[in-house]
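Trainee: Dropping a structure here in structure tokens format, bear with me for questions.
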Amino acid sequence: MFGWVVNIRLGRSVWDYFNMKLNLYGQICLRYSCFWGLLTVPVSLLSKLLHQAALHFSL
Numbered sequence: 004m005f006g007w008v009v010n011i012r013l014g015r016s017v018w019d020y021f022n023m024k025l026n027l028y029g030q031i032c033l034r035y036s037c038f039w040g041l042l043t044v045p046v047s048l049l050s051k052l053l054h055q056a057a058l059h060f061s062l
């Protein structure tokens, strides 16, 4: 949504996936959607670990 507003409605070029396969209006593409989806798994686990550590060591 943010990319659509910035790139299309405001006429700015923050990112452009038109040259990528399986893109949607040049705003998203399957390759990077999968990449970010897979990246959320370890980041989510790390976030939970950090949260637990913060609760354990809180003052």
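Positions 4 to 62 (this note's numbering) are the ones given, in order, by the sequence shown. Ideal placement from N, C-alpha and C gives every residue a C-beta, glycine not left out.
#1: Would you kindly report the start and end of the unbroken alpha helix (DSSP H) that includes VAL44?
#2: Can you tell me the Cβ-Cβ gap for VAL17 and VAL8, rounded? I've got them flagged as a contact below 8 Å.
#3: What are the partner residues of LEU27, as DSSP defines its beta bridges?
#4: Closest to LYS24 by C-alpha separation, out of GLY14, ARG15 and SER36, would be which residue?
#5: For a test of the three-state rule: what should DSSP assign to TRP18, helix, strand or coil?
Mentor: Short version:
#1: Start and end: 33-59.
#2: Taking 8 Å as the upper bound for CB-CB distance, VAL17 and VAL8 are not in contact here, some 10 Å apart.
#3: The partner list for LEU27 (beta bridge, DSSP) reads ILE31.
#4: It is SER36.
#5: Reduced to three states, the DSSP call for TRP18 is coil.
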